[in-house]
């Protein structure tokens, strides 16, 4: 499981950087100078910025200040604006880090924006495996993974296991039905979606 290995590596780096016990017989862990996160923004009127402006500011700081020894965590960037805008900005930041090669930080990013798969430029070391992606500079790897779902007629079973591969839809209609939205409304939403 690449995602689990990546998260495990992130936790070990954080422990090591703080001088805490690392549960290993032997470890080769590089230094971490800073950890940048664009994970969750709390809305407030006190700073005079929108949620999206705060999100962009956090991402901007990471693109400007992160070094090859930094860790950058980006979770669901772009929720406070049009999907196309969020997707465009996320893609440009990921391309920026990819183009920096060994100078890029260790990037962990998750997204529900499925089009991201089509927008990331192909690289010799690019391995597509969706909803979670990692850029790791020392190994030159970049991959996508998703949670396993079994679809049988009108039912979905979430396995809650990370698997290689990607999904082409978000199962939003199924989620809406499970949340209590009427079948008539979900059907109409699907019709509108096909027009868009």
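In UniProt numbering, the protein residues as written are 1 to 196.
For glycine and all other residues, C-beta sits at the position ideal for the given N, C-alpha and C.
Residue burial classification, residue i (beta-carbon count within 10 angstroms, cutoff 16)
i: residue 179; result: exposed
i: residue 78; result: buried
i: residue 158; result: exposed
i: residue 127; result: Annotation note: pLDDT 44 at residue 127 (below 50); position unreliable, coordinate value reported separately. It is exposed - the Cβ of residue 127 has fewer than 16 other Cβ atoms within 10 Å.
i: residue 116; result: buried
i: residue 25; result: exposed
i: residue 66; result: buried
Close Cβ partners of residue i (< 7 angstroms) along its chain, the five nearest in sequence each way excluded
i: residue 174; result: 156
i: residue 64; result: none
i: residue 18; result: none
i: residue 191; result: none
i: residue 68; result: 102, 103, 104, 105 and 137
i: residue 93; result: 59 and 63
i: residue 83; result: 113
i: residue 39; result: 73 and 75
Spatial neighbours of residue i in its chain, beta-carbon cut-off 6 angstroms, leaving aside the 5 residues before and after
i: residue 138; result: Residue confidence is low: residue 138 scores 44 on pLDDT, short of 50, so the model does not pin down where it sits. No coordinate-derived value is stated.
i: residue 150; result: 157
Beta-carbon proximity of residue i to residue j, cut-off 9 angstroms
i: residue 107; j: residue 72; result: yes
i: residue 56; j: residue 89; result: yes
i: residue 185; j: residue 176; result: yes
i: residue 35; j: residue 49; result: no
i: residue 37; j: residue 74; result: yes
i: residue 52; j: residue 80; result: yes
Beta-carbon proximity list for residue i, same chain, < 8 angstroms, skipping 5 on both sides
i: residue 119; result: 87 and 91
(message) Going residue by residue through the segment 147-184, where are the continuous beta strand (DSSP E) segments of at least 3 residues, counting only ones entirely within it?
(response) 155-164
(request) Tell me the start and end of each unbroken beta strand (DSSP E) in the segment 2-85 that is at least 3 residues and wholly inside, in chain order. (result) 35-38 and 71-75
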